[in-house]
Structures are given as structure tokens and as C-alpha cells.
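Worksheet: one structure, shown below.
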Amino acid sequence: MSKKTNYVVAGDSPGSKYDKAVELGVPILDEDGFRRLLADGPASRT
1236 MSKKTNYVVA GDSPGSKYDK AVELGVPILD EDGFRRLLAD GPASRT
């Protein structure tokens, strides 16, 4: 996990990587958000 990470997908029980993503300001997706990203591409995140 670094500032170069584009997204983090978090489930029901996120662990320390979730906390690190928050600390670094990395966008965090839930399962639905991840599916939308796969279907529509990164532009759909805005």
C-alpha cells in the first residue's frame, strides 16, 4: 500500500490496509463500487 495505489476494495471486515488507505487518501470501493469500476471504467468514479 502506497500513494501509488489507485483503489482499495474493502469488504465487511476491513483490516489494516483499509486504515492505511484512509491515511494515504486512497479511494476505497465497496463491492458495488468495484463492479461499477469494472463495468464503466475509472471515469464512473466521479
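Under our numbering, the sequence shown has 1260 at position 25, and the numbering climbs by one with no breaks. Glycine included, every Cβ here is placed at the ideal spot set by N, Cα and C.
- Just so you know, the alpha carbons of Ala-1256 and Ser-1248 end up roughly 14 angstroms apart.
- Under the three-state reduction of DSSP, Val-1243 is assigned to strand.
- Taking a C-beta distance under 9 angstroms as the contact criterion, Lys-1238 and Leu-1259 qualify as a contact pair.
- For Val-1261, no alpha helix (DSSP H) run applies, since DSSP gives it neither H nor E.
- Between Leu-1272 and Tyr-1242, the beta carbon gap of about 7 angstroms places them in contact (Cβ cut-off 8 angstroms).
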